[in-house]
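Read through the structure below, which is laid out as structure tokens, and then see the notes.
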Amino acid sequence: MSTQATQIKLTLPNELYLHLKSKAQKFDLPLASYVKNLVINDVKDMDTPVFKMSKQREKVALKALMDYKKGKTKAIKDIDSYFDSL
0 MSTQATQIKL TLPNELYLHL KSKAQKFDLP LASYVKNLVI NDVKDMDTPV
50 FKMSKQREKV ALKALMDYKK GKTKAIKDID SYFDSL
């Protein structure tokens with residue numbers, strides 16, 4: 000199972016960029032991995048945010064769950080074949 004990811008663009012002053020790059024090289028890491036590690040360490044003690052579903056979205060999700068439990072759904076083994084059959 001893959002985790003969804005979001006790519007960001009970050010603009011830094013040259014001096015800060017060189018400092019970060021130097022720290023990343025010290026740990027033999029690519030700069031992106033080093034910055035990612037900094038962010039992870041900064042938020043690791045925070046609770047994961049939980050968002051309440053709208054009534055409409057909850058209704059759709061509960062119907063999908065009921066359909067699944069009743070065997071009304073089917074596994075798709077090959078997405079290309081599935082779309083070709085539509």
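Using numbering that gives the first Met the number 0, the letters of the sequence shown map in sequence onto residues 0 to 85. By construction, the Cβ of each residue, glycine as well, lies at the ideal position given by its N, Cα and C atoms.
*For F82, which of helix, strand or coil comes out of DSSP?*
helix
*asked:* If the criterion is Cβ atoms closer than 7 angstroms, does the pair Y16 and A23 meet it?
replied: no
*asked:* For V38 and M45, I'd like the C-alpha separation in whole angstroms.
replied: 12 angstroms
_Short of 6 angstroms in beta carbon distance, which residues of its chain neighbour I75, apart from the five on each side in sequence? Order them along the chain._
Y81
*Between L85 and K43, what straight-line distance do the alpha-carbon atoms span, to the nearest angstrom?*
44 angstroms
*Secondary structure of L19, DSSP reduced to three states*: helix
_Quick test of your reading: M52 and A63, contact by CB under 8 angstroms. State the CB separation rounded to the nearest angstrom._
Rounded, the Cβ-Cβ distance is 12 angstroms, inconsistent with contact.
*On the three-state DSSP scale, how would you describe S53?*
coil
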